[in-house]
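**Q** Here it is: the structure, laid out below.
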Amino acid sequence: MTHPADTTDATFDADVLQSDTPVLVDFWAPWCGPCRMVAPIVEELAGEYEGRVKFVKLNTDENPKIASQFGIRSIPTLLVFKGGEIAGQIVGFRPKSDLAKRLDAVL
Amino acid sequence: MEQIDIAIIGGGPAGIAAGIYGARGMRRTVLFERAVLGGQIATTGDVENYPGFPDGINGLDLALAMHRQAEQFGAETRYESVTAIRQEPPYIILTTDEGEVQAKTVIVTAGAEPNKLGVPGESELVGKGVSYCATCDAAFFRGVPVALVGGGDAALDEALFTTRYASKVYVIHRRDTLRASQILQDRALAHPKIEFIWDTVVEQVNGTDAVTNLTLRNLKTEQTSELPVAAMFVFIGQTPNSDVLGGLVPLDNGGHVLVNLWMETPVPGLFAAGDLRAEAAKQLVSAAGDGVTAAIRAEHYISDHFDHRE
């Protein structure tokens, strides 16, 4: 298990858009129960894809700028970025194998 | 092939409760969850009717606590989808997206999935204002009007929750009476932010990047109208997730699994419990109770059919 690091409005550009490796961003908020349930799955994947995909999480309450820039209207939402562009979007709950497929697609 | 004593399919309250009993009974117990733990309580706010919590408890906290309890006794959780179940007596073989496992007993607690309206614009705008989880998404719609479709307990519960954020909550219901419990009806009808739109259905969800308005049709007058809202939350019942049991066990007309009072299906060693089974009360506490009943019977089944041979 690997805990994804926090990214913020201030660090998003450097953490995600300028990243050399693909990045999975987990959009969450403290009041969102289902987001807490997605976290362990994301942590398992973070371990399995270590070194190949970077995993970060963004608190949409504290970082409204990025959340609104990407039109996040539903959480949990996972976005996969490659070369500064969105390469995959997952809204709501999906099986772990589906998430893995989205990551394999950008590698 | 890997062997499991008690395989549980579905990590909601029924499955987790079965996991606690199975693992505490020193049986090798594995919980298969295809998405996230908690089942329907993962998307519920506060639970006021679970015995032992007179002040209510957050649904998710309860689910997490139950799951921690199951893990403490040794139950294992795997985030895998079970795609097929077949008999290979005396075992039951599960096919998952990671491979096959051989189980002495299987307890299916796969629950139910929220129904969709099936109207134009709905699937296109999921995540852009169309939602099946007000607890997850209501906070994105602060100070704006939203609509909620349905008339049962879930619909009114979520409508009341949504009033914390929205400027106005329109509850659109196809009839002129509610199915919800009286206590929720009283609260919703009295709420200054909630307005009911009776005898009405949603014909279309409009918007490109975000929901802008709904096209409504009154079933009595046949008149159509436009309702400007930023979101539509849908709570119109559920369909049981019994597909994986297709052809293996008898179902009722609604797709629920027929079981006896021990949660047994006609297939030896195969159980169904919780909202998936026929005649269920569809409550958190009854689902947990079902899971426990199935786990106790599964334990008896294993000792009768396997232990004497080993």
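Protein sequences appear in the order of chains A and B.
Count along the first sequence from 1, then add 5; that gives the number in the numbering used here.
Count along the second sequence from 1, then add 823; that gives the number in the numbering used here.
Glycine residues also receive a C-beta, built at the ideal position from the N, C-alpha and C atoms.
Computed from a prediction, not measured in an experiment: that's the story for all the values here.
According to DSSP, what are the bridge partners of residue 1063 of chain B?
**A** Position 240 of the second sequence, counting from 1, holds the residue named residue 1063 of chain B. Per DSSP, B/935.
**Q** Kindly indicate the opening and closing residues of the alpha helix (DSSP H) around residue 799 of chain B.
**A** Only positions 824 to 1133 of chain B appear in this structure, which leaves residue 799 of chain B out of reach.
**Q** Identify the contact partners of residue 36 of chain A in chain B, using a Cβ-Cβ distance below 7 angstroms as the criterion.
**A** Counting from 1 along the first sequence, the entry for residue 36 of chain A is found at position 31. Ordered by position in chain B, the residues that pass the 7 angstroms Cβ test against residue 36 of chain A are 962.
**Q** Using a Cβ-Cβ cut-off of 8 angstroms, state whether residue 1098 of chain B counts as contacting chain A.
**A** What you label residue 1098 of chain B is simply residue 275 of the second sequence in a count that begins at 1. Not one chain A Cβ lies under 8 angstroms of residue 1098 of chain B.
**Q** Is the Cβ of residue 946 of chain B closer than 8 angstroms to any Cβ of chain A?
**A** By one-based count along the second sequence, residue 946 of chain B stands at place 123. Chain A, which has no Cβ nearer than 8 angstroms to the Cβ of residue 946 of chain B, makes this no.
**Q** In the stretch 980-997 of chain B, which residues sit with their C-beta less than 8 angstroms from some C-beta in chain A, listed in chain order?
**A** Under the 8 angstroms Cβ criterion, the stretch 980-997 of chain B contributes no residue.
**Q** Are there 16 or more other CB atoms within 10 angstroms of the CB of residue 926 of chain B, so buried, or fewer, so exposed?
**A** Here residue 926 of chain B refers to the residue found at position 103 of the second sequence. The residue is buried, with at least 16 neighbouring Cβ atoms inside 10 Å.
**Q** Among the residues of its own chain, which have a CB less than 6 angstroms from the CB of residue 1008 of chain B, if the five just before and after it don't count?
**A** Sequence index remark: in the second sequence, residue 1008 of chain B carries index 185 (1-based). Correct list, in chain order: 1001.
**Q** Nearest by alpha-carbon distance to residue 1070 of chain B: which of B/1090, B/1085, B/1053, B/1059 is it?
**A** Along the second sequence, read from residue 1 onward, the residue named residue 1070 of chain B stands at position 247. Cα-wise, what sits closest to residue 1070 of chain B is B/1090.
**Q** With three or more beta-carbon pairs closer than 8 angstroms as the criterion, would you say the stretch 8-25 of chain A touches the stretch 932-947 of chain B?
**A** Result no; under three Cβ-Cβ pairs closer than 8 angstroms.
**Q** For chain A, check one thing: does any of its Cβ atoms lie closer than 8 angstroms to the Cβ of residue 920 of chain B?
**A** The residue you call residue 920 of chain B lines up with position 97 of the second sequence. At least one chain A Cβ lies under 8 angstroms of residue 920 of chain B.
**Q** Name the DSSP bridge partner or partners of residue 855 of chain B?
**A** By one-based count along the second sequence, residue 855 of chain B stands at place 32. DSSP lists B/832, B/901 as partners of residue 855 of chain B.
**Q** Check for me: the beta strand (DSSP E) holding residue 1126 of chain B runs from which residue to which?
**A** To locate residue 1126 of chain B, count along the second sequence from 1; it is residue 303. From DSSP, residue 1126 of chain B is part of no beta strand (DSSP E) but of the alpha helix (DSSP H) over 1107-1128.
**Q** Taking 6 angstroms as the limit between beta carbons, can you name the residues of its chain near residue 89 of chain A, skipping five residues before and five after?
**A** On the first sequence, position 84 is the one that residue 89 of chain A refers to. Once the five neighbours on either side are set aside, the close Cβ partners of residue 89 of chain A are 22.
**Q** Against chain A, which members of the stretch 853-880 of chain B pass a CB distance test of less than 7 angstroms?
**A** Result list: 857, 858, 859, 860, 861, 865, 866.
**Q** Would residue 1096 of chain B and residue 930 of chain B qualify as a contact pair, given that the criterion is a beta-carbon distance under 8 angstroms?
**A** Indexing the second sequence from 1 puts residue 1096 of chain B at position 273. Indexing the second sequence from 1 puts residue 930 of chain B at position 107. Contact: yes.
**Q** Residue 1033 of chain B touches chain A at which residues, Cβ-Cβ below 9 angstroms?
**A** Taking the second sequence and counting its residues from 1, the one referred to as residue 1033 of chain B is at position 210. Per Cβ cutoff of 9 angstroms: 76, 78.
**Q** Output needed for residue 1137 of chain B: all residues of its chain with C-beta closer than 6 angstroms, excluding positions within five of it in sequence on either side, in chain order.
**A** Here chain B comprises residues numbered 824 to 1133, so residue 1137 of chain B is not present and cannot be evaluated.
**Q** Can you tell me whether residue 29 of chain A is helix, strand or coil according to DSSP?
**A** As a position in the first sequence, residue 29 of chain A is number 24, starting the count at 1. It is a strand residue.
**Q** My guess is that residue 1028 of chain B and residue 948 of chain B are in contact by the Cβ rule of under 8 angstroms, so how many angstroms apart are they, rounded?
**A** Sequence index remark: in the second sequence, residue 1028 of chain B carries index 205 (1-based). Sequence index remark: in the second sequence, residue 948 of chain B carries index 125 (1-based). About 5 angstroms; that satisfies the 8 angstroms criterion.
**Q** Run through the stretch 981-1051 of chain B for me and flag every whole alpha helix (DSSP H) of 4 or more residues, listed as ranges in chain order.
**A** Those alpha helix (DSSP H) runs which fall completely within the stretch 981-1051 of chain B and span 4+ residues are 1005-1013.
**Q** Going by the beta-carbon positions, is the gap between residue 84 of chain A and residue 91 of chain A smaller than 8 angstroms?
**A** Counting from 1 along the first sequence, the entry for residue 84 of chain A is found at position 79. Counting from 1 along the first sequence, the entry for residue 91 of chain A is found at position 86. Taking 8 angstroms as the Cβ cut-off, residue 84 of chain A and residue 91 of chain A qualify as a contacting pair.
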